[in-house]
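Residue numbers (my numbering): 337 to 451.
Below is the structure:
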């Protein structure tokens, strides 16, 4: 099953492969660090920083069409901000991690098509 859907990014780029390549490359390079930060902040129960990181990567997740985790990242952000539903966070962050990493693999293959 394919996780990414680049139709929104294609629409935003007006057909510019350069723009798409830049956005995909940003996702590939910045997302692993953000995912690591989310794990660290969860472990340290630093809800404020967890909310900040979740908020920061939310647009990237939408740009590359990882629709199956869009609501999950919003839930992480809201739960961390309100300090409610915290028991759900480990499973949600694990799912986000897994889907993002699969998405990164797919996007690396997509980049070959733009070269």
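Every residue, glycine too, gets a C-beta built ideally from N, C-alpha and C.
Query raised in the report: Using a Cβ-Cβ cut-off of 7 Å (strictly less than) and excluding sequence neighbours within five positions of residue 419, which residues of its own chain qualify?
Result: 383
Item to check | Separation of residue 403 from residue 446, as counted between CA atoms | outcome: 18 Å
Between the C-alpha atoms of residue 411 and residue 372, what's the straight-line distance to the nearest angstrom? 18 Å
8 Å CB neighbourhood of residue 389 in its chain, flanking five on each side removed
370, 373, 374, 377
Report task. Decide if residue 448 is buried, meaning its Cβ has at least 16 other Cβ atoms within 10 Å, or exposed. Result -> exposed
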